[in-house]
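Using UniProt numbering, the first residue of the sequence shown is number 1, and each one after it goes up by one.
Written below as structure tokens is the structure these notes are about.
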Amino acid sequence: MRPYPQTHYAATRSDDAQWPALEADCEVETCVIGGGLAGLATALGLAERGRSVVLLEANRMGWGASGRNGGFASAGYPLSMRDLVAQRGLSDAAALWRLSVEALSVVSRRAEALGPDTLQGHGALRCRIAWQPDTLREHVGWMNEQFAAGLVHLPAGELGALLATEAYADGFLNPASLQIQPLNLARGMAHAAAAAGARLHEGSEVVAIEAAGAARKVVARSGSVTARHVVLAGGAHLGMLHAGLGLATVPVASFVVATKPASEQLRAAIRTGFAVSDTRVATDYYRVLPDGRLLWGGRANAFEYAPETVRGLLKRDIARIYPQLADLEIESAWSGLMPIARHRMPVIGPLAEGLWAAACFGGLGLVNTTLAGELIASAIAEGDDRHRHFAPFGLPFAGGTYGRAAFQFIYWRHQLEDWVKRPRARKRGRPAVTEGQP
1 MRPYPQTHYA
11 ATRSDDAQWP
21 ALEADCEVET
31 CVIGGGLAGL
41 ATALGLAERG
51 RSVVLLEANR
61 MGWGASGRNG
71 GFASAGYPLS
81 MRDLVAQRGL
91 SDAAALWRLS
101 VEALSVVSRR
111 AEALGPDTLQ
121 GHGALRCRIA
131 WQPDTLREHV
141 GWMNEQFAAG
151 LVHLPAGELG
161 ALLATEAYAD
171 GFLNPASLQI
181 QPLNLARGMA
191 HAAAAAGARL
201 HEGSEVVAIE
211 AAGAARKVVA
221 RSGSVTARHV
231 VLAGGAHLGM
241 LHAGLGLATV
251 PVASFVVATK
261 PASEQLRAAI
271 RTGFAVSDTR
281 VATDYYRVLP
291 DGRLLWGGRA
301 NAFEYAPETV
311 RGLLKRDIAR
321 IYPQLADLEI
331 ESAWSGLMPI
341 ARHRMPVIGP
351 LAEGLWAAAC
361 FGGLGLVNTT
371 LAGELIASAI
381 AEGDDRHRHF
391 APFGLPFAGG
401 TYGRAAFQFI
411 YWRHQLEDWV
421 KRPRARKRGR
431 PAVTEGQP
């Protein structure tokens, strides 16, 4: 069992309770593989409905991307709502939007119950880089008209009063977004699931899933669980326990740093309590933490970098947007692997009779992991079939090992496009923004 990596979240976690490893054979209705947010949401949802469930985690609860992300919780999917409408039609897209909005309300309720150490703020800004096409106002109007999204467009003057940077042209506020300490959320959900009757086991790596009559036998290193239902919720660390899911998943690394406290310096540059991101594919995302630190994330790569490399890259990214913050000291740096599918939608639902997937949340997992857990738990316990909305996306082959290389080239292409467009923006008189090398 590996300990938590050295992240700001691990250093500020609200408790350090541990759960025992599985050391025997047992039978249960449902076995959940993976103690991240998706697995914990499933176990909690089942336990709240009075069903028997065992959860197996190879390391610590929330050890992977669930406990390392930027802490932004918003409704929506990695695939844009416009693309969803184009692919599935307005009615199906609206149903998918409503499911994500409902999940956000569940996350909000759970985080609020855990207190300010978990729910750290409300609201998020999305900003258009100065040289990007001027389409944000229209996008806000369309989202509000079609989905009652509640977005608020901020023209340059209003945005500039909040963010002291020339990098952005305009933006919009999503007041429904939440800012969350994700590891505290995961651990709080683990405590709630255990209190409701779920059996949780850390240090219990699953090595095989075997047929056992009408059930399946989940084999760990020091025990096994025979269950009628098995839920695969191991994220990027699931490996090839299910070949189809493994070959449809591309693990992608994202990177985060936290600075030392610098409240006064940050207040002069980031004059808002809202979280912030931009509309590029190679996006930056950041927020000022309650203790006066800046948490900054961004970039993507097919493989994780060492912490010292992350420090250098993201320190340069901070200075690119806020030159006045170039001297901030980085206190901690880390990376996490987020699984994505080729269609950019979550994989939620049955893979076979009694075998379920909760996977591929692609950077928007704080909400959609809870959506997956609730849909699967209600399907097992109540026969709910709302997971059918995700069935049309399927499990398209993502290239296996070669999928990471393909992703890397696509990401580099987007960075190159950013670099090429910036000089054109400068010629039109817009402020230029310099980018680090891919």
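Note that the Cβ used here is the ideal one computed from N, Cα and C, for glycine as well.
Next item on the list: Rounded to whole angstroms, what's the CA-CA distance from L22 to A357? Just pull it up for me.
Entry: Stepping through the sequence shown from its first residue, residue 22 is reached at position 22. Stepping through the sequence shown from its first residue, residue 357 is reached at position 357. Using only the alpha carbons, I get a separation of about 22 Å.
Next item on the list: Determine the contact status of A111 and A233, defining contact as a CB-CB distance below 7 Å.
Entry: One-based indexing of the sequence shown puts residue 111 at position 111. One-based indexing of the sequence shown puts residue 233 at position 233. Their beta carbons are not under 7 Å apart, which means A111 does not touch A233 by this criterion.
Next item on the list: Go ahead and pull the three-state DSSP assignment for K217.
Entry: Residue numbering aside, residue 217 sits at position 217 when the sequence shown is read from its first letter. Residue state, collapsed to three classes: strand.
Next item on the list: Whole angstroms is fine: what's the gap from G292's alpha carbon to D25's?
Entry: Numbered from its first residue, the sequence shown carries residue 292 at position 292. Numbered from its first residue, the sequence shown carries residue 25 at position 25. About 48 Å.
Item checked: Cβ distance (whole Å) where S66 is taken to contact T369 below 8 Å -> For this step, residue 66 is matched to residue 66 along the sequence shown. For this step, residue 369 is matched to residue 369 along the sequence shown. Contact holds; Cβ gap of about 7 Å.
Check: What three-state label does DSSP hand T309 in the structure shown?
Finding: Here residue 309 is taken as the residue at index 309 of the sequence shown, counted from 1. T309: helix per DSSP, three-state reduction.
Notebook entry, point to check: Taking the alpha carbon of E276 as the point to measure from, which residue in W296, H343, K260, W63 has its own alpha carbon closest?
Noted result: One-based indexing of the sequence shown puts residue 276 at position 276. The displayed chain sequence assigns Val, not Glu, to residue 276. Nearest option by C-alpha distance: W296.
Next item on the list: Along the alpha helix (DSSP H) that carries W142, what are the first and last residues, could you check?
Entry: Along the sequence shown, one-based indexing puts residue 142 at 142. W142 -> alpha helix (DSSP H) spans 136-147.
Note to self: For the stretch 81-91 against the stretch 248-268, do three or more pairs of beta-carbon atoms, one drawn from each stretch, fall closer than 8 Å, so that the two count as touching?
What the structure shows: no
Item checked: For L56, the first and last residue of its enclosing beta strand (DSSP E) -> Residue 56 sits at position 56 when you count from the first residue of the sequence shown. 53-56 is the extent of the beta strand (DSSP E) around L56.
Next item on the list: Counting only the same chain and skipping the five closest in sequence on each side, list residues whose C-beta sits under 7 Å from that of M143.
Entry: Here residue 143 corresponds to residue number 143 of the sequence shown, with the count starting at 1. Excluding sequence neighbours, M143 sits near M81, A149, L151.
Margin query: For A198, tell me which candidate among R413, G35, H8 has the shortest Cα-Cα distance.
Written below: The count along the sequence shown starts at 1 and reaches residue 198 at position 198. The shortest C-alpha separation from A198 is found at G35.
Note to self: Using only the alpha-carbon positions, how far apart do R424 and W131 sit?
What the structure shows: Position 424 of the sequence shown, counting from 1, holds the residue named residue 424. Position 131 of the sequence shown, counting from 1, holds the residue named residue 131. Its pLDDT being 46, under 50, R424 is placed unreliably in this model, and the value from its coordinates should be taken loosely. Between R424 and W131, the C-alpha separation is close to 8 Å.
Next item on the list: Would you tell me roughly how many angstroms separate the C-alpha atoms of S100 and L328, rounded to the nearest one?
Entry: Counting from one through the sequence shown, the residue named residue 100 turns up at place 100. Counting from one through the sequence shown, the residue named residue 328 turns up at place 328. Spanning the two alpha carbons is a distance of roughly 36 Å.
Notebook entry, point to check: Got a sec, what are the start and stop residues for the alpha helix (DSSP H) H191 sits in?
Noted result: Here residue 191 is taken as the residue at index 191 of the sequence shown, counted from 1. 182-195 is the span of the alpha helix (DSSP H), which, as asked, contains H191.
Check: For P396 versus L337, is the C-beta spacing smaller than 7 Å?
Finding: Along the sequence shown, read from residue 1 onward, the residue named residue 396 stands at position 396. Along the sequence shown, read from residue 1 onward, the residue named residue 337 stands at position 337. No, the pair does not count as a contact, with Cβ atoms beyond the cut-off.
Item checked: Outcome for Q179 when other beta-carbon atoms lying within 10 angstroms are tallied against a minimum of 16 -> Walking along the sequence shown from the start, residue 179 turns up at place 179. Buried, because 16 or more other Cβ atoms sit within 10 Å of the Cβ of Q179.
Checklist line | Y168 versus I380 - alpha carbon distance | finding: Taking the sequence shown and counting its residues from 1, one reaches residue 168 at position 168. Taking the sequence shown and counting its residues from 1, one reaches residue 380 at position 380. About 46 Å.
Notebook entry, point to check: Hey, would you say T165 sits closer than 7 Å to Y286, going by beta carbons?
Noted result: Here the question's residue 165 lines up with position 165 in the sequence shown. Here the question's residue 286 lines up with position 286 in the sequence shown. Cβ distance not < 7 Å, so T165 and Y286 don't count as in contact.
Next item on the list: Kindly indicate which three-state DSSP category S74 falls into: helix, strand or coil?
Entry: Along the sequence shown, one-based indexing puts residue 74 at 74. S74: coil per DSSP, three-state reduction.
Notebook entry, point to check: Do you know how far the Cα of Q181 is from the Cα of D384?
Noted result: Residue numbering aside, residue 384 sits at position 384 when the sequence shown is read from its first letter. Residue numbering aside, residue 181 sits at position 181 when the sequence shown is read from its first letter. In a straight line, the C-alpha of D384 is about 31 Å away from that of Q181.
Next item on the list: Pull up the distance between the alpha-carbon of V288 and that of A269, whole angstroms please.
Entry: Taking the first residue of the sequence shown as 1, we reach residue 288 at position 288. Taking the first residue of the sequence shown as 1, we reach residue 269 at position 269. Computed Cα separation, rounded: 11 Å.
Check: Helix, strand or coil for V85 per DSSP?
Finding: Here residue 85 refers to the residue found at position 85 of the sequence shown. Reduced to three states, the DSSP call for V85 is helix.
Margin query: Taking 6 Å as the limit between beta carbons, can you name the residues of its chain near C127, skipping five residues before and five after?
Written below: Against the sequence shown, residue 127 aligns to sequence position 127. Y168, G171, D278, listed in sequence order.
Next item on the list: Specify, as a first and last residue, the run of the alpha helix (DSSP H) that Y9 falls within.
Entry: Residue 9 sits at position 9 when you count from the first residue of the sequence shown. Counting along the chain, the alpha helix (DSSP H) containing Y9 begins and ends at 8-11.
Notebook entry, point to check: At a cut of 8 Å, does the stretch 191-207 reach the stretch 11-21 through at least three beta carbon pairs?
Noted result: yes
Next item on the list: For the alpha helix (DSSP H) containing T259, list its first residue and its last residue.
Entry: By one-based count along the sequence shown, residue 259 stands at place 259. First-last for T259: 250-259, but that is the beta strand (DSSP E), not the alpha helix (DSSP H).
Next item on the list: Measure the beta-carbon distance from A341 to V310 and round it to whole angstroms, keeping in mind my assumption that it falls under 8 Å.
Entry: For this step, residue 341 is matched to residue 341 along the sequence shown. For this step, residue 310 is matched to residue 310 along the sequence shown. Not really, about 25 Å apart at Cβ, beyond 8 Å.
Item checked: Neighbour-count burial assignment, T30, 16 or more Cβ in a 10 Å radius -> Reading the sequence shown from its first residue, position 30 is the one you call residue 30. So T30 counts as buried.
Item checked: Cβ neighbour criterion (16 or more within 10 Å) applied to V281 -> Taking the first residue of the sequence shown as position 1, residue 281 is located at position 281. Exposed, since its Cβ has fewer than 16 Cβ neighbours within 10 Å.
Check: For the alpha helix (DSSP H) that G368 lies in, which residues bound it at each end?
Finding: By one-based count along the sequence shown, residue 368 stands at place 368. Note that residue 368 is Asn in the sequence shown here, rather than Gly. Looking at the DSSP string, the run of the alpha helix (DSSP H) that includes N368 is 365-382.
Margin query: Output needed for F58: all residues of its chain with C-beta closer than 6 Å, excluding positions within five of it in sequence on either side, in chain order.
Written below: Sequence index remark: in the sequence shown, residue 58 carries index 58 (1-based). Inspection of the sequence shows that residue 58 is occupied by Ala rather than by Phe. Excluding residues within five positions, the ones whose Cβ falls inside 6 Å are E205.
Next item on the list: Can you give me the start and stop residues for the alpha helix (DSSP H) that L47 sits inside?
Entry: Mapped onto the sequence shown, residue 47 falls at position 47. In the sequence as displayed, the identity of residue 47 is Ala instead of Leu. Per DSSP, A47 belongs to the alpha helix (DSSP H) from 37-48.
Next item on the list: Could you tell me the distance, in whole angstroms, from the CA atom of P3 to the CA atom of Y9?
Entry: As a working mapping, residue 3 is identified with position 3 in the sequence shown. As a working mapping, residue 9 is identified with position 9 in the sequence shown. Approximately 13 Å, taken between the alpha carbons.
Check: Per DSSP, residue 482 is paired with what?
Finding: Here the chain has residues from 1 to 438 only, and residue 482 is not among them.
Next item on the list: To the nearest angstrom, report how far apart A113 and V107 are at their CA atoms.
Entry: What you label residue 113 is simply residue 113 of the sequence shown in a count that begins at 1. What you label residue 107 is simply residue 107 of the sequence shown in a count that begins at 1. A113 and V107: Cα-Cα distance of roughly 10 Å.
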